[in-house]
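Accompanying notes for the structure given below.
Residue numbers (our numbering): 355 to 470.
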């Protein structure tokens, strides 16, 4: 019984000691401010492009809804809506490419705490 108590005490002290060392290492990790600043710029740039993509998708849905609601007699309006939808879809494709490119830059730079 006393051997198990001694072993338990030794085990618990090793765990607490290793935890203190681990938490100390986390505090002493030095990050280069220039890398951190570049990463912040890349991440904010990605957020802007993602929000732009979401707005374009909402515009495309609105355009499709307007196409269904437009009477068949108004051919000129329907043609303009179709042309507008095509340009919105092209813009969505370009935005997706830009987002993918920014994500690759973030990964290449090795930014800490990536949340994509």
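Even glycine gets a Cβ: it sits at the ideal position worked out from N, Cα and C.
All values derive from a computational prediction rather than experimental measurement.
Does the distance from the CB of residue i to the CB of residue j come in under 8 Å?
i	j	result
residue 403	residue 452	yes
residue 446	residue 412	no
residue 392	residue 462	no
residue 417	residue 448	no
residue 481	residue 400	This structure gives no information on residue 481, because the portion of the chain shown stretches from 355 to 470.
residue 420	residue 465	no
residue 431	residue 422	no
Can you name the start and end residues of the alpha helix (DSSP H) that residue i belongs to?
i	result
residue 458	429-463
Helix or strand or just coil, what does DSSP make of residue i?
i	result
residue 424	coil
Under 7 Å: does the beta carbon of residue i sit that close to some heavy atom of the ligand FMN?
i	result
residue 417	The ligand FMN is not among the ligands present in this structure, which contains no ligands whatsoever.
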